[in-house]
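If you count by the working numbering, then the sequence shown holds residues 749 to 1042, one letter each, in order. All residues carry an ideal CB built from backbone N, CA and C; glycine is no exception.
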Amino acid sequence: MTGPTDPGGEAPLRLVVVTGMSGAGRSTAADNLEDLGWYVVDNLPPNVLPEVCSQARQNGITRLAVVLDVRTRSFFEQLPTMFADLSGGGTLPEILFLEAADDVIVRRQESVRRPHPLQGDGRLMDGITRERELLATLRAAADLVIDTSSLNVHQLGSRVRSAYGGDEQDQLRVTLLSFGFKNGVPVDADMVVDVRFLPNPHWVPELRPQTGLSRPVSDYVLAQQGAEPFLDHLQQLLDTVAVGYVREGKRFATIGIGCTGGKHRSTAMAEEFARRLRAAGRPTTVLHRDLGRE
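Encoded structure:
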């Protein structure tokens, strides 16, 4: 266990349970939380979690992260009741779930020459399938899901730092994720919007080699009929659901903004929407999943 303490001990304890698929990056996420000053505990016996939270509060610790994998499966069944009890005792619990595609997990597991914890005498894919089944309910309840399939350790670290590096607990933290539908819908998005109704800069010869990060492409996209009203309505929608999200204890939202390839329209619209949200005082991160893949 490592991390700073606050002798005052008056602030509520923020508890993050870090879990997810084996090979999806739990250790990397935990390392980054520790670098951010979180008190990190790896593979804590589930039955002692309430006592650890109590001791943390008494010692002035305000940010505690607990890493759990599928081997502590009994804990997952107790989690809803335990979270309810902790919430009534001055703890703010939440779940960070790390996800990755099957083929990515296979490559990662094979590269480190480790058997899957649920593989037994079967194939690696048998273990992965079983793990997905066991974690399905937990994933559905997660406050933040990060799909690490296309992320390296540095990019995952950036996602974790963006989500957990600040102290804004009274508002929603937003991640805007541009993507191309041809590469699949992001599995970690809470909402997905489609901007393929806008004319595609791909068909403008001088704009085709550029991306939505360039001023000419951005100006072209935003000047199209419907672009600005779309962002107005999207901001109104987010403002509406943000109130409910925060009331229900959800502190993060990932919004996928998609076009055909993820190069022009979705990128430009994500950047402009981020500018609007930041101007309104909402913490916002932008990621462009498919830039460079076209």
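Three-state secondary structure (DSSP) of residue i
{"i": "L812", "result": "strand"}
{"i": "G1010", "result": "coil"}
{"i": "D1048", "result": "This structure leaves residue 1048 out entirely; the chain is present only between 749 and 1042."}
{"i": "P949", "result": "helix"}
{"i": "S926", "result": "strand"}
{"i": "A1001", "result": "strand"}
{"i": "D754", "result": "Here D754 scores only 41 on pLDDT, less than 50, and its place in the model should not be relied on; the value that follows carries that caveat. DSSP places D754 in coil when its eight states are reduced to three."}
{"i": "V943", "result": "coil"}
{"i": "D895", "result": "strand"}
{"i": "E996", "result": "coil"}
{"i": "E842", "result": "strand"}
{"i": "A1022", "result": "helix"}
{"i": "E954", "result": "coil"}
Residues near residue i by beta carbon distance below 8 angstroms, same chain, minus five either side
{"i": "E954", "result": "P964"}
{"i": "G974", "result": "F945, L946"}
{"i": "R880", "result": "M769"}
Top-ranked residue by Cα proximity to residue i, from the options
{"i": "A778", "options": "V766, G771, S770", "result": "V766"}
{"i": "Q919", "options": "L1025, I843, V860, G974", "result": "L1025"}
{"i": "G1004", "options": "H1036, D874, H981, H950", "result": "H1036"}
{"i": "L979", "options": "F1021, L797, G914, R921", "result": "F1021"}
{"i": "M830", "options": "N807, E799, R1030, G1009", "result": "E799"}
{"i": "V943", "options": "A1018, R999, T959", "result": "A1018"}
{"i": "P957", "options": "R909, R921, R1041", "result": "R1041"}
{"i": "R850", "options": "L844, E842, P841, H864", "result": "Residue identity differs from the one stated: residue 850 is Asp in this sequence, not Arg. Checked all of L844, E842, P841, H864; the closest Cα to D850 is H864."}
{"i": "E825", "options": "D869, T885, P841", "result": "T885"}
{"i": "T810", "options": "R861, Y912, L882", "result": "Y912"}
{"i": "G1006", "options": "P934, S910, P977", "result": "P934"}
{"i": "I843", "options": "T988, L827, D833", "result": "L827"}
{"i": "V952", "options": "E858, V969, Y993", "result": "V969"}
{"i": "T1008", "options": "V989, Q803, I876, G932", "result": "G932"}
{"i": "A890", "options": "D987, P841, G808, L924", "result": "P841"}
{"i": "D1038", "options": "L882, A832, L899", "result": "L899"}
{"i": "Q1023", "options": "V994, G928, S966", "result": "Reading the sequence as shown, one finds Arg at residue 1023 and not Gln. R1023 has its Cα closest to that of S966, out of V994, G928, S966."}
{"i": "R774", "options": "N807, N795, G808, F845", "result": "F845"}
{"i": "A1028", "options": "S962, Q983, L882", "result": "Q983"}
{"i": "A990", "options": "P1031, P793, R1013, H950", "result": "P1031"}
{"i": "N795", "options": "D833, W786, G808, N807", "result": "D833"}
Nonlocal neighbours in the same chain, by C-beta distance under 7 angstroms from residue i, ignoring five residues either side
{"i": "T839", "result": "P760, L761, L763, C801"}
{"i": "A848", "result": "M769, G771, A772, D895, T896, S897"}
{"i": "A888", "result": "none"}
{"i": "D936", "result": "E847, V893, I894, D895, T1002"}
{"i": "D874", "result": "Q867"}
{"i": "G914", "result": "P1031"}
Under 8 angstroms between C-beta atoms of residue i and residue j
{"i": "T1033", "j": "S926", "result": "no"}
{"i": "L866", "j": "R856", "result": "no"}
{"i": "K998", "j": "T959", "result": "no"}
{"i": "V788", "j": "L781", "result": "yes"}
{"i": "L904", "j": "T776", "result": "yes"}
{"i": "A1001", "j": "V940", "result": "no"}
{"i": "V854", "j": "L872", "result": "yes"}
{"i": "L784", "j": "R909", "result": "yes"}
Residues of its chain near residue i, where Cβ-Cβ distance is below 6 angstroms and the 5 sequence neighbours each way are ignored
{"i": "R907", "result": "I894"}
{"i": "Q972", "result": "L946, P947"}
{"i": "S835", "result": "none"}
{"i": "H981", "result": "none"}
Residue i, enclosing alpha helix (DSSP H) - first and last residue
{"i": "M873", "result": "872-889"}
{"i": "H902", "result": "901-912"}
{"i": "V965", "result": "963-970"}
{"i": "P798", "result": "797-806"}
{"i": "Q857", "result": "850-859"}
{"i": "T776", "result": "774-783"}
Limits of the beta strand (DSSP E) - the one that residue i falls within
{"i": "V766", "result": "761-768"}
{"i": "V788", "result": "787-790"}
{"i": "L1035", "result": "1032-1036"}
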